[in-house]
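> Would you mind keeping the following structure in view while I ask a few things?
Chains as they are written, first to last, in our numbering: chain A, 10 to 274; chain B, 520 to 649.
Printed below as a string of structure tokens:
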């Protein structure tokens, strides 16, 4: 048994499988960052920091006659989304029920996906720098009219090319912006989604937690999501009626090439 | 380009399982190459040719070991059984039976294939279209 303490939970093997399957199903569509940045790991729960390959000179030293420097590392963060499930619903899964109420798990899955996307694209103050804030490019105005989206997206691609950043490129769209694009058809009925895909030569990703949109290069090596423990469900406690569980992951995020992305707002 | 390492439709497999399958295929290929060199060396009479092939076989030993270590890192149950069998003096079959019983009958590791116990095994989703 590891630190997730799953075997202490009053949950049968079949119910655990149902919970894991449900979580995977809910998480995969919303984990936008993993669709656009490099993923390293998982390196395990005991992995604590990312090597940045840098050192800072120290003013002092243990004794005269030597100089000293201290390595810089990026510590991993641990993120948890807590939820409670009814034990009677879990018993019904064992009876073969296919409509158990797993709403709290679904909401926790969405929240932890949003937190991951937000940290990667917009950063986490004092903890890690995100793609949009690290970008040296001035933000391009996206506006509210989906028909006008192709110009700013094309401008972002041109800006990346001008900076020597090759494609293909991906577009992360916040929830509202994604809805506008999917609904949008330009004059003549050609779907906006297809037009944008041709400009980018890459995917258009629904990214809950992203404000506006971000165009990123997918060539690799520019953005690294380092996973310690990948998303897992753990056990916290239970009483006669409910079991308390959590979704958890540990990760760091590092921008290696800030100019490989252009924010749009 | 073939995708023979997949036994199930690749599009239905999670990324971690596809990676696991690729490394399993690579492990198989390295083991085959080791066997082929062993046969060639056994029949070759030119000592210089034998030396070259021994060097090449050494590369395959390394590749096989790296593939195996990767797979063991991603499969806790496999690793636990392997720890009971590999580099142990004595009866190999006996160690195998004991390691299997200790790992699987005691509940063992229960992670998604290729990931630590309890992990949902999601990993990278790069390549998704939406």
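Backbone N, C-alpha and C fix where the C-beta goes; we use that ideal spot for every residue, glycine too. All values derive from a computational prediction rather than experimental measurement.
What residues from chain A crowd round residue 636 of chain B, counting only those whose CB sits closer than 9 Å?
Simply 10, 11, 13, 15, 241.
> Taking any Cβ of chain B, which residues in the stretch 25-43 of chain A have a Cβ under 7 Å from it, in chain order?
Those residues of the stretch 25-43 of chain A that come within reach of chain B (Cβ to Cβ, closer than 7 Å) are 29, 32, 33, 36, 37, 40, 43.
> What residues of chain A sit near residue 644 of chain B, judged by a beta carbon separation below 7 Å?
Here the neighbours are 37, 40, 43, 44.
> For the stretch 110-125 of chain A, list every residue whose C-beta sits within 8 Å of some C-beta in chain B, in sequence order.
Going along the stretch 110-125 of chain A in chain order, one finds no residue with a Cβ nearer than 8 Å to chain B.
> Rounded to a whole number of angstroms, what is the C-alpha to C-alpha distance between residue 627 of chain B and residue 28 of chain A?
Legend: pLDDT at residue 627 of chain B = 46, less than 50; position of this residue unreliable, value from coordinates given subsequently. Cα-Cα distance, rounded: 20 Å.
> Can you give the Cα-Cα distance for residue 163 of chain A and residue 273 of chain A, rounded to whole angstroms?
Residue 163 of chain A and residue 273 of chain A: Cα-Cα distance of roughly 11 Å.
> With DSSP run on the structure shown, which of helix, strand or coil describes residue 525 of chain B?
Three-state result, residue 525 of chain B: coil.
> Look at the Cβ atom of residue 622 of chain B, then the Cβ atom of residue 588 of chain B, and state whether they are nearer than 8 Å.
Not in contact: residue 622 of chain B and residue 588 of chain B (Cβ atoms no closer than 8 Å).
> Please tell me whether residue 641 of chain B has its Cβ less than 8 Å away from any Cβ of chain A.
Taking Cβ atoms only, chain A reaches closer than 8 Å to residue 641 of chain B, which makes this a yes.
> Can you name the start and end residues of the alpha helix (DSSP H) that residue 103 of chain A belongs to?
It spans 96-103 - the alpha helix (DSSP H) in which residue 103 of chain A sits, taken as one unbroken run.
> Between which two residues does the alpha helix (DSSP H) harbouring residue 177 of chain A extend?
First-last for residue 177 of chain A: undefined, no H or E at that position.
> With C-beta atoms as the reference, is residue 46 of chain A less than 8 Å away from residue 141 of chain A?
No, these two residues do not count as a Cβ contact at 8 Å.
> What are the complete beta strand (DSSP E) segments, minimum 3 residues, inside the stretch 85-153 of chain A?
Counting whole runs of 3 or more residues, the stretch 85-153 of chain A contains the beta strand (DSSP E) stretches 86-95.
> Relative to the alpha-carbon of residue 177 of chain A, which residue among A:206, A:234, A:150 has its alpha-carbon at the smallest distance?
Of the listed residues, the one whose Cα sits closest to residue 177 of chain A is A:206.
> Give me, in chain order, the residues of the same chain whose beta-carbon lies closer than 6 Å to that of residue 25 of chain A; leave out the 5 immediate sequence neighbours on both sides.
Correct list: empty, nothing qualifies.
> For chain A, is any of its Cβ atoms less than 8 Å away from the one on residue 573 of chain B?
For residue 573 of chain B, the answer is no, since every Cβ of chain A falls outside 8 Å of its Cβ.
> Can you check which of these residues, A:236, A:19, A:218, A:211, is closest to residue 97 of chain A by C-alpha distance?
Of the listed residues, the one whose Cα sits closest to residue 97 of chain A is A:19.
> Does the Cβ of residue 40 of chain A have 16 or more other Cβ atoms within 10 Å, making it buried, or fewer, making it exposed?
It counts as buried.
> Can you list, in chain order, the residues of its chain with a C-beta nearer than 6 Å to that of residue 594 of chain B? Leave out the 5 residues immediately preceding and following it.
Closer than 6 Å at Cβ, skipping near neighbours: no residue.
> I need the DSSP call for residue 571 of chain B, collapsed to helix, strand or coil.
The answer is helix: DSSP assigns residue 571 of chain B an H, G or I state.
> Which chain A residues sit within Cβ distance under 7 Å of residue 649 of chain B?
Within chain A, the residues near residue 649 of chain B are 212, 213, 214, 215.
> Near residue 64 of chain A, which residues of its chain fall below 6 Å by C-beta distance, leaving aside the five closest residues on each side in sequence?
Closer than 6 Å at Cβ, skipping near neighbours: 78, 80.
> Please look up how many angstroms separate the CB atoms of residue 109 of chain A and residue 36 of chain A, rounded, as I've assumed it's under 8 Å.
Actually they do not touch by this definition, with Cβ atoms about 18 Å apart.
> Using three-state DSSP, classify residue 204 of chain A as helix, strand or coil.
Looking at residue 204 of chain A - three-state DSSP - the assignment turns out to be helix.
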